[in-house]
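Novice: The structure that follows is given in the form of structure tokens.
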Amino acid sequence: MTAAPGTVEKQQPRVTNRARSALLAREATIMVAVYVVYSMIRNHAPNRVGAANAHSRDILNVEKALGLDIEHGINHFFAQHTAAITVANYMYATLFLPSAIFVLAWLWRRSSAQYVVHRSVLVVMTMFALVSYWIFPAAPPRLLPGGGYIDTVVAFETWGRSAADSGHGVSNEYAAMPSMHFGWALWCGLAVFTVSKVRWQKVLAIAFPSVTLVVIIATGNHFLFDAIAGAAVYCVSYAVVRVVRRLSVREPVEELPVAA
2 MTAAPGTVEK QQPRVTNRAR SALLAREATI MVAVYVVYSM IRNHAPNRVG AANAHSRDIL
62 NVEKALGLDI EHGINHFFAQ HTAAITVANY MYATLFLPSA IFVLAWLWRR SSAQYVVHRS
122 VLVVMTMFAL VSYWIFPAAP PRLLPGGGYI DTVVAFETWG RSAADSGHGV SNEYAAMPSM
182 HFGWALWCGL AVFTVSKVRW QKVLAIAFPS VTLVVIIATG NHFLFDAIAG AAVYCVSYAV
242 VRVVRRLSVR EPVEELPVAA
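2 is the number of the first residue of the sequence shown in my numbering; add one for each residue after it.
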């Protein structure tokens with residue numbers, strides 16, 4: 002007996018929802034696994050303080066030679082304004098992971114094809130950063146001996162470095178190059194900017210990495226070159242993903258039906 006058209010109409014959304022739920026569970030598992038592995042490897046990288054300080058001094062010397070050593074002035078300027086630096090401290094502490102999760106969810110809802118591209122870029126970026134943390138430890142300005150930078154979390158008694166506020170937690174304090182705070186913020190901004198057709202969303206997409214750049218410098222967590230390295234990691238990762246996708250023999254990713 003042939004099912005009535007109305008029956009098919011009712012069953013199809015359930016199949017679609019089930020398929021999308023399975024895909025969503027798979028993607029969530031992948032991204033959680035990537036972040037857990039990233040955190041474990043990053044935090045267990047050799048804590049070579051001497052090498053990290055030497056590398057950061059080299060970075061600072063190059064910036065001085067190029068007239069780009071802007072960190073000290075910005076750090077001390079914000080330290081004179083309690084409200085501004087308090088906001089910056091909490092932004093640094095809270096926006097890193099949630100912003101990436103939000104953009105991933107937004108991409109998932111907008112376009113499965115674009116989601117796959119940008120998710121892949123994020124994963125490749127994370128892997129590149131891990132390699133750098135192991136072979137090139139670098140101290141943040143606030144921990145550079147004799148640098149004269151203010152550790153704003155300590156000075157203003159706010160929380161803001163995961164489990165490492167005191168410098169003795171599980172987080173690797175000497176994994177500053179490249180800045181993944183800026184790299185991920187740039188990824189968020191460019192993903193939204195390239196996919197969205199809404200003007201105010203594009204404006205926010207430009208503003209987010211711009212504000213993040215100010216925040217990471219104002220709080221004494223990164224040099225300008227750390228952010229530039231984060232941007233370079235994004236560019237290389239995006240290029241790698243595009244090349245791999247062009248060389249792939251797989252069928253193009255089809256848009257997933259959006260459940261009603």
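Even for Gly, the Cβ is constructed at its ideal location relative to N, Cα and C.
1. Under 8 Å between the Cβ atoms of serine 180 and alanine 140?
2. For serine 249, I'd like the list of residues in its chain whose CB is within less than 7 Å of its CB, leaving aside the five on either flank, ordered along the chain.
3. Between the C-alpha atoms of threonine 213 and threonine 159, what's the straight-line distance to the nearest angstrom?
4. Considering only residues of the same chain and omitting the five flanking positions on each side of asparagine 54, which have a CB-CB separation below 7 Å?
5. Would you report the Cα separation of alanine 52 and cysteine 236, rounded to the nearest angstrom?
6. Rank Ser238, Val216 and Ala233 by C-alpha distance to the C-alpha of threonine 87 and give the top, closest one.
7. Can you tell me which of Ala89, Gly68 and Leu69 puts its alpha carbon nearest to the alpha carbon of phenylalanine 78?
8. Count the other C-beta atoms from every protein chain shown that fall within 10 angstroms of the C-beta of phenylalanine 103, then say buried if there are 16 or more, exposed otherwise.
9. In the structure shown, what three-state DSSP assignment does alanine 52 receive?
10. Counting only the same chain and skipping the five closest in sequence on each side, list residues whose C-beta sits under 6 Å from that of asparagine 222.
11. Report yes if the C-beta distance between leucine 69 and leucine 225 is below 8 Å; otherwise report no.
12. Determine the contact status of valine 132 and valine 35, defining contact as a CB-CB distance below 8 Å.
13. Let me check you understand the geometry: is the CB of leucine 123 closer than 7 Å to at least one non-hydrogen atom of the ligand NAP?
14. Let me check understanding here. Comparing Cα to Cα, which of Ala29, Ile75, Ile31 and His45 lies closest to isoleucine 218?
15. Cβ of alanine 192 within 8 Å of Cβ of histidine 119?
16. Roughly how many angstroms lie between the CA atoms of methionine 32 and tyrosine 39, to the nearest whole one?
17. Identify the continuous alpha helix (DSSP H) that holds threonine 127 and give its terminal residues.
18. At which residues does the alpha helix (DSSP H) containing asparagine 90 begin and terminate?
19. Considering only DSSP beta bridges, list what alanine 139 is partnered with.
20. With distances taken from CA atoms, which of Ala106, Arg200, Asp152 and Ala26 is nearest glutamate 72?
21. Thinking C-alpha only, which one of Met126, Ala80 and Gly190 is nearest serine 178?
Specialist: Inspection of the coordinates gives the following:
1. no
2. none
3. 18 Å
4. Ala140, Leu145 and Pro146
5. 27 Å
6. Val216
7. Ala89
8. Residue burial annotation: phenylalanine 103 is exposed, with fewer than 16 other C-beta atoms found within 10 angstroms of its C-beta.
9. In the structure shown, alanine 52 falls within a helical segment according to DSSP collapsed to helix, strand and coil.
10. Pro141, listed in sequence order.
11. Contact flag set, yes.
12. no
13. The model depicted lacks the ligand NAP and carries no ligand whatsoever.
14. Ile75
15. One thing to note: alanine 192 has its Cβ within 8 Å of the Cβ of histidine 119.
16. 10 Å
17. 113-136
18. It spans 83-95 - the alpha helix (DSSP H) in which asparagine 90 sits, taken as one unbroken run.
19. In the DSSP assignment, alanine 139 is bridged to Ala176.
20. Asp152
21. One point to set straight first is that residue 178 is methionine, not serine, in the sequence displayed. Among Met126, Ala80 and Gly190, the Cα nearest to that of methionine 178 is on Met126.
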